[in-house]
Amino acid sequence: MKITNEIAKQIKKDFPIFSHNLGLVYLDNAATTQKPASVINAVKNFYEKDNANVGRGVYSLANRAMKRYDQTRTVIANFIGANSGEIVFTRNTTESINLLAYVISKIIPKGKDEIVLTEMEHHSNLVPWQELCKRNGFKLKFVKITKDFVLDMKDFNSKLSDKTAIVSIAYASNVLGTINNVKLITRLAREKGAITVIDAAQAIQHIPIDVKHLDCDFLAFSGHKMMGPNGIGVLYGKKELLEKLSPFMFGGGMIEKVTFNDASWAKTPEKFEAGTQNIAGAVGFAEAINYIKKIGIENITGWEAFLLKYALKRLNEVKGIKTYHPNSGEKVPVVSFTLDSIHPHDIAEMLNEKKIAIRAGHCCAMPLMSVIKANGGVCRASFYFYNTLEDIDALVDSLREIQEKFK
Amino acid sequence: MPHEAVDDMYREEILELYKSPSNFGELKNPSHKHTSYNSICGDEITVQIIVKGGKIDDIKFGGSGCVISMVTASLLTDKIKGANVSDVKKMKGEDVLSLLKSKLTPSRIKCALLSFEAVKEALK
Numbered sequence: 013m014k015i016t017n018e019i020a021k022q023i024k025k026d027f028p029i030f031s032h033n034l035g036l037v038y039l040d041n042a043a044t045t046q047k048p049a050s051v052i053n054a055v056k057n058f059y060e061k062d063n064a065n066v067g068r069g070v071y072s073l074a075n076r077a078m079k080r081y082d083q084t085r086t087v088i089a090n091f092i093g094a095n096s097g098e099i100v101f102t103r104n105t106t107e108s109i110n111l112l113a114y115v116i117s118k119i120i121p122k123g124k125d126e127i128v129l130t131e132m133e134h135h136s137n138l139v140p141w142q143e144l145c146k147r148n149g150f151k152l153k154f155v156k157i158t159k160d161f162v163l164d165m166k167d168f169n170s171k172l173s174d175k176t177a178i179v180s181i182a183y184a185s186n187v188l189g190t191i192n193n194v195k196l197i198t199r200l201a202r203e204k205g206a207i208t209v210i211d212a213a214q215a216i217q218h219i220p221i222d223v224k225h226l227d228c229d230f231l232a233f234s235g236h237k238m239m240g241p242n243g244i245g246v247l248y249g250k251k252e253l254l255e256k257l258s259p260f261m262f263g264g265g266m267i268e269k270v271t272f273n274d275a276s277w278a279k280t281p282e283k284f285e286a287g288t289q290n291i292a293g294a295v296g297f298a299e300a301i302n303y304i305k306k307i308g309i310e311n312i313t314g315w316e317a318f319l320l321k322y323a324l325k326r327l328n329e330v331k332g333i334k335t336y337h338p339n340s341g342e343k344v345p346v347v348s349f350t351l352d353s354i355h356p357h358d359i360a361e362m363l364n365e366k367k368i369a370i371r372a373g374h375c376c377a378m379p380l381m382s383v384i385k386a387n388g389g390v391c392r393a394s395f396y397f398y399n400t401l402e403d404i405d406a407l408v409d410s411l412r413e414i415q416e417k418f419k
Numbered sequence: 006m007p008h009e010a011v012d013d014m015y016r017e018e019i020l021e022l023y024k025s026p027s028n029f030g031e032l033k034n035p036s037h038k039h040t041s042y043n044s045i046c047g048d049e050i051t052v053q054i055i056v057k058g059g060k061i062d063d064i065k066f067g068g069s070g071c072v073i074s075m076v077t078a079s080l081l082t083d084k085i086k087g088a089n090v091s092d093v094k095k096m097k098g099e100d101v102l103s104l105l106k107s108k109l110t111p112s113r114i115k116c117a118l119l120s121f122e123a124v125k126e127a128l129k
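Residue numbers (this note's numbering), protein chains in the order written: chain W, 13 to 419; chain A, 6 to 129.
So, in C-alpha cells, the structure goes:
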C-alpha cells in the first residue's frame, strides 16, 4: 500500500518508542532505526519459548532454536537475492568489513596491491582497510566527489588499474545521502579483476537490493539500521569466494574436527561464526525483514523520496542554511546541513529541548568533513518511512527559533 | 529532568558571552601554549599564557567550538588571570564546571573542560 502522511502516522503506532516518549521527533535514523513491537516481541518470545544454543544440542528445544536461526538466514538471503549459504552472521557492518579485511589477502592475485575507496566512506569502510595496508604494504586510493556531492566517475576510472586488488564503496553515503552507481562500479572493477565490496549499511533499509543483479563479491549491512535488534549484522559473499577464505575467528561452532594440535573448519558460512551466536538477534532481524516486506520496500522508497523532497524544500527556505546534499541522481533520505556559523552541537542540544533528535558532528566520516569544508561537523537529519511531514515542520520551525536566539 | 538543565545552558547571559567572550585572541610572546582537541566534534582550543613571578600575568584563548566550550574558556581565563600557577594546577574539573552555573548533559562535559585541559597541559 502506498504510504501517505496519514498512513505514516498509523505506522508510527507500531513503534512503542513513540508512545513511551510522547512528542519525540526522531530524525537520527541513519544512526539507528526504531523497532516495531513485532520485532521486540519476536526477541521476547524467542527467549520465553525457544531459547537454547544452536548447532550443539539434540533435544527438541535446541532443534527449534536452530530452526529459527537457520530460517533467518533464508529470510535474509531471499531479501537480497542470495542463497542462504552465502549469508554470514556478524555483529554489524563494521565487523563484516573487519572480517573481510582480515582474511581477504588469500584471494588477491599477486601483483595487485591497491585498494580503491571513496572520499565519502564511513570510518567502518576506511579504518579496517588502512590496517590491512599496514599489514600487507598495500596502498589506498580515494575516488573524489564532485561539487554536487556525487562520485566523480572520471576520477574513479583514473584510480582503477590492473593493480587494483579491492574496490570497496558505500552504496549510499551516511552524510551526503548520495546513492552510488554500484552496478556500474562493480562492472568496471571486475573488468580490472578487482574484488568488489559494498557497504550497504545506509542503503538496504531504503531501496531494493539484489546481489545477483549488482554482481558484487561481498556486501555488508547491519540489522539495527533496518529495525532489527542491535548486535546482528551480515556479510554476504559469493559462495565460491567464501569457500576460499579462511576463518578469522576460531573456537566453538566453527570447526569440523579438532585434535590437541590441529583443527579443520566447518563449511561456509558456519566456519565464520565462532562462539555462541546472537540467536535472538537473528530471530528479531528476520521479523524486521518481515515487517519491511509487509509494508513493501518500494512503498518505503516512494514515501521517503517524498519526505526528502519536502525536507529539502523546507530547509532551503531558511536563510543561512547550507545543505550538503546532491541536486542530481538517486538519494537516500539523509540531509546534512549547517546553519549560519552556529556550532552543530549547539543546534542538536537546542533541538533536544524540543524533543527533536538529530545527529551533530563528523558522523564517523572525518576525512569527508574536510573535503566538503565542514570541519566543525554538520547537523544531520535522517528519515525513515515512519517519519511524517509534521516531523520536518517541527525541525524547520525550531531551526528558525534557534537562529533568532543567536542573532 | 535534563530538560531544565538544557534550557539553562542556553540562557541569555551565556549566549551574550558566547558572542563576545573575554580573552579571545592571541598573545605576542606566550611563555606557555597548548592546543587541545575534542575528538567527538573536532573542536580545538589553543591557550596562550604569559607566566611572570609564579603568576598568570596574561592569558588568551583561540580556536573554534560550541557555546559551551567557548563560554567556559572565557569564564576560566577570566578566573585564573592573575592567579598563582600553583593554585591553577590544583584546580579540578568540578571547579571549572561550577563557573558555568549550568547542569550539563554528560556528552557536553568534555566540551566544557576542553579549555581547562589546554591550560593544564600548557602549564605542565
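Virtual Cβ for every residue (Gly too), placed ideally from N, Cα, C.
If you draw a straight line from the Cα of W:N328 to the Cα of W:L407, it comes to about 12 angstroms. Only residues of its own chain outside the window of five on either side were considered, and among them V55, F58, Y59, N63, P241 have a CB closer than 8 angstroms to the CB of W:A292, listed in chain order. Judged by their CB atoms, W:C391 and W:A372 are nearer to each other than the 7 angstroms cut-off. Taken in chain order, the complete beta strand (DSSP E) segments of 3 or more residues contained in the segment 84-119 of chain W are 99-102.
Looking from the CA of A:I64, the closest CA among A:V72, A:I73, A:S79 belongs to A:S79. The C-alpha of A:D62 is placed about 49 angstroms away from the C-alpha of W:S394. Look at W:A386 here: in three-state DSSP terms it is coil, with no helix or strand label.
In this structure, the CA atom of W:I92 is about 42 angstroms from the CA atom of W:I354. By the Cβ neighbour-count rule, W:E143 is exposed, with fewer than 16 other Cβ atoms within 10 Å of its own. The beta carbon of W:G389 falls within 7 angstroms of a beta carbon belonging to chain A, placing the residue at that interface. If you draw a straight line from the Cα of W:I119 to the Cα of W:V194, it is about 22 angstroms long. Within the segment 328-376 of chain W, the beta strand (DSSP E) runs of at least 3 residues that lie entirely inside it are, in chain order, 333-336, 346-351, 371-373. Note on geometry: alpha-carbon atoms of W:L188 and W:K166 lie some 20 angstroms from one another.
Taking C-alpha positions only, A:F66 is separated from W:G287 by approximately 52 angstroms.
Proximity of A:Y42 to chain W, defined by a Cβ-Cβ separation below 7 angstroms, is not satisfied. Sixteen is the threshold: since fewer than 16 other Cβ atoms of the shown chains lie within 10 Å of the Cβ of A:D100, the residue is exposed. About 5 angstroms separates the CB atoms of W:L36 and W:K367; that is less than 8 angstroms, so the two are in contact. Of all residues in the segment 131-143 of chain W, none has a C-beta nearer than 8 angstroms to a C-beta of chain A.
Under the 7 angstroms criterion on CB atoms, A:G67 is classed as non-interfacial with respect to chain W. Below 8 angstroms, too few C-beta pairs join the segment 148-160 of chain W and the segment 203-216 of chain W to call them touching: fewer than three. In the three-state reduction of the DSSP assignment, W:R392 falls in the strand class. When Cβ-Cβ separations below 7 angstroms define contact, A:G98 makes no contact with chain W. The C-beta of W:D352 comes no closer than 7 angstroms to any C-beta of chain A.
Neighbourhood of A:G47 in chain W, by CB distance below 9 angstroms: G373, H374, M378, M381, N387, G388, G389, in chain order. Secondary structure of W:D164 (DSSP, three-state): coil.
Around the CB of W:D274, fewer than 16 other CB atoms lie within 10 Å, so the residue is classed as exposed. Residues of chain W with a Cβ closer than 9 angstroms to the Cβ of A:R16 do not exist; the shortest Cβ-Cβ separation is about 10 angstroms. Spatial neighbours of A:I19 in its own chain (CB-CB distance under 6 angstroms, excluding positions within 5 residues in sequence) are listed in chain order as V76.
Taking 7 angstroms as the threshold, the shortest C-beta distance from A:V72 to chain W falls below it. Per DSSP, the beta bridge partners of W:E126 are W:K151, W:T176. CA-to-CA, the gap between W:S410 and W:L73 works out to about 53 angstroms.
In chain order, V115, M266, W277, K283, F284, A286 place their CB closer than 8 angstroms to the CB of W:P259, counting only its own chain and leaving out the 5 sequence neighbours on each side. A contact between stretches requires three or more CB pairs, one per stretch, nearer than 8 angstroms, and the segment 338-348 of chain W meets this requirement with the segment 178-188 of chain W. Under the 7 angstroms criterion on CB atoms, W:H357 is classed as interfacial with respect to chain A. For W:M362, the nearest beta carbon of chain A is closer than 7 angstroms to its own beta carbon. Residue environment for W:V70: exposed (fewer than 16 other C-beta atoms within 10 angstroms of its C-beta).
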